[in-house]
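Numbering (our numbering), first residue to last: 1 to 140. We put the CB at the ideal spot given by N, CA and C, even for glycine. A short write-up of the structure that comes next.
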């Protein structure tokens, strides 16, 4: 975990976009912890609710309940499956990934198929959970 550059990159993005994403203060150790225990973490629920919401709804998120783990995990699975479909339908997957705002390494880390189709988010390896969150940040 200490050698993963992705966690500080995610934290930095969330800090810079905190106001527009309508997020609470970003605490880096909490960012690591929430990925270790995603099912019951309110902080991760707020982050995922914001990142998975359409831009026009983010300004009112503080007035709404956050998505439950089951809801945001299903929305994430669907979004990632869309990315896999888009990238899989092209002759140049790296270019397609970049057009989505995703680092081409995203698909190398996650594998040939969407890992969320095989396992729920909380059962994925830590590194894949980090890259899924990073992918959402990059996409937004």
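DSSP places residue 74 within a helical segment (H, G or I) once states are collapsed to three. Residue 113 counts as exposed, since fewer than 16 other C-beta atoms from the protein chains shown sit within 10 angstroms of its C-beta. Per DSSP, residue 37 is not a residue of any alpha helix (DSSP H), being assigned neither H nor E. Nearest to residue 49 by alpha-carbon distance, out of 71, 35, 29 and 39, is 71. The beta carbon of residue 109 sits closer than 6 Å to those of 131, all from its chain and outside the five residues before and after it, given in chain order. Per DSSP, the continuous alpha helix (DSSP H) segment holding residue 12 begins and ends at 6-16.
With contacts defined as CB atoms closer than 8 Å, residue 38 and residue 31 fail to qualify as a contacting pair.
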